[in-house]
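Take a look at the structure below.
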Amino acid sequence: LCGMTGSFALRPEHIRLNTPGELQANGTIQAVQYQGAATRFELKLNGGEKLLVSQANMTGEELPATLTPGQQVMVSWSRDVMVPLVEER
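Per the UniProt record's numbering, the very first residue in the sequence shown carries number 1; after that it's consecutive.
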């Protein structure tokens with residue numbers, strides 16, 4: 001997904017929708033869930049991976065109501081928020 005080997009975790013609130021960033025991917029919104037202070041987006045990336053994004057509901061940003069299932073979006077995040085996962089043996 002980002003040219004690195006191994007498995008990584010990303011917190012949903014560290015991923016941005018339709019905002020350029022250090023690492024980027026494209027995908028399709030599968031579901032949108034309004035959760036009060038934030039909206040949760042379930043995405044399927046073009047490579048088939050599933051990704052959760054949590055976006056704060058703040059005035060002045062793209063309103064979650066404008067982002068709907070079936071819509072193509074770009075997601076981005078910083079390399080420093082990726083947490084490497086160690087496989088158990």
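All C-beta atoms, glycine included, are put in the ideal place defined by N, C-alpha and C.
Everything numeric in this text was worked out from a predicted model, so none of it was measured.
* Please state if the CB of Thr28 and the CB of Asn46 are separated by a distance shorter than 9 Å. => Less than 9 Å divides the Cβ of Asn46 from the Cβ of Thr28.
* Asked: Which residue spans inside the segment 20-56 form an unbroken beta strand (DSSP E) run of at least 3?
  -> Entirely contained in the segment 20-56, the beta strand (DSSP E) runs reaching 3 residues are, in chain order, 23-34, 38-45, 50-56.
* Asked: With which residues is Ser78 paired in a DSSP beta bridge?
  -> Secondary-structure assignment with DSSP links Ser78 through no beta bridge to anything.
* **Beta-carbon separation (whole angstroms), Glu13 vs Ser78, contact threshold 8 Å** => Contact check for Glu13 and Ser78: beta-carbon distance about 13 Å, past the 8 Å limit, so the pair fails to qualify.
* To do: Taking only the alpha-carbon atoms, compute the straight-line gap between Val81 and Pro69 and give it to the nearest angstrom.
  => Looking at the two C-alpha atoms, the distance is approximately 26 Å.
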